[in-house]
Amino acid sequence: MGKKRKSWREKLHYSKDLPKVVEIPKKMKARVGEGTMVVPAPIEVDDIMRKVPKGKLITVAEIRKFLAKKHGATIGCPLTTGIFINIAANAAEESREAGETEITPYWRTLKAKG
């Protein structure tokens, strides 16, 4: 018998050792330069997405900049930030299906060029 799969809401609230600030990996340095990178916690990304007011939008790049500034890092991790945006959106839909009305407005979060 296999292990029960985590729900999106469980994934959203599972932070393990995050957030953490690390040196920018060698493979990324050619693109982004030297410095540090914050790997956020999923709930942190969700919190930023929840604060976007009705009628406004936010991009993934803006979320990454906000996270970097908050943690004193050069950049926000593009990979984990994108993954956690997806987790937040799926968790919001799980919450909606469970009858909750106050969900993360994930539709206000866009990729770089919409």
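Numbered per this note's numbering, the sequence shown finishes at 107, counting up by one with no gaps. The beta carbon of each residue, even a glycine, is placed where N, CA and C say it ideally should be. Given the structure is predicted, the values throughout are model-derived calculations rather than measurements.
Start and end residues, beta strand (DSSP E) containing residue i
i, result
"V32", "T29 to V32"
Three-state secondary structure assigned by DSSP to residue i
i, result
"V25", "helix"
"E16", "strand"
"G(-5)", "coil"
"I68", "strand"
"T102", "strand"
"T94", "coil"
Range of the contiguous alpha helix (DSSP H) that encloses residue i
i, result
"W1", "W1 to H6"
"E45", "For clarity, residue 45 is Val in the given sequence; the question names Glu instead. No alpha helix (DSSP H) holds V45; DSSP gives it neither H nor E."
Candidates the options, of which the one nearest residue i by Cα
i, options, result
"I68", "K(-4), L11 and P33", "P33"
"A105", "P98, K13, T74 and K62", "T74"
"W100", "K62, F59 and V53", "V53"
"V14", "E90, R57, S88 and I76", "R57"
"E3", "G92, A84 and I96", "A84"
"I78", "F59, S0, I36 and G28", "I36"
"R24", "A81, P71 and A91", "P71"
"A82", "K19, L60, G48 and R43", "R43"
"D10", "K22, V45, P18 and V31", "V31"
"G48", "P98, Y7, K20 and M21", "P98"
Distance cut-off 7 angstroms: residue i Cβ against heavy atoms of the ligand SAM
i, result
"G48", "Summarising the ligand content, the structure contains no ligands, and the ligand SAM is consequently not present."
Classification of residue i by the beta-carbon crowding that lies within 10 angstroms, buried from 16 upward
i, result
"A66", "buried"
"T102", "buried"
"D40", "exposed"
"T94", "exposed"
"L5", "buried"
"P12", "buried"
Below-8 angstroms beta-carbon distance, residue i vs any chain D residue
i, result
"A23", "Of the protein chains in the structure, only one exists, and it is not chain D."
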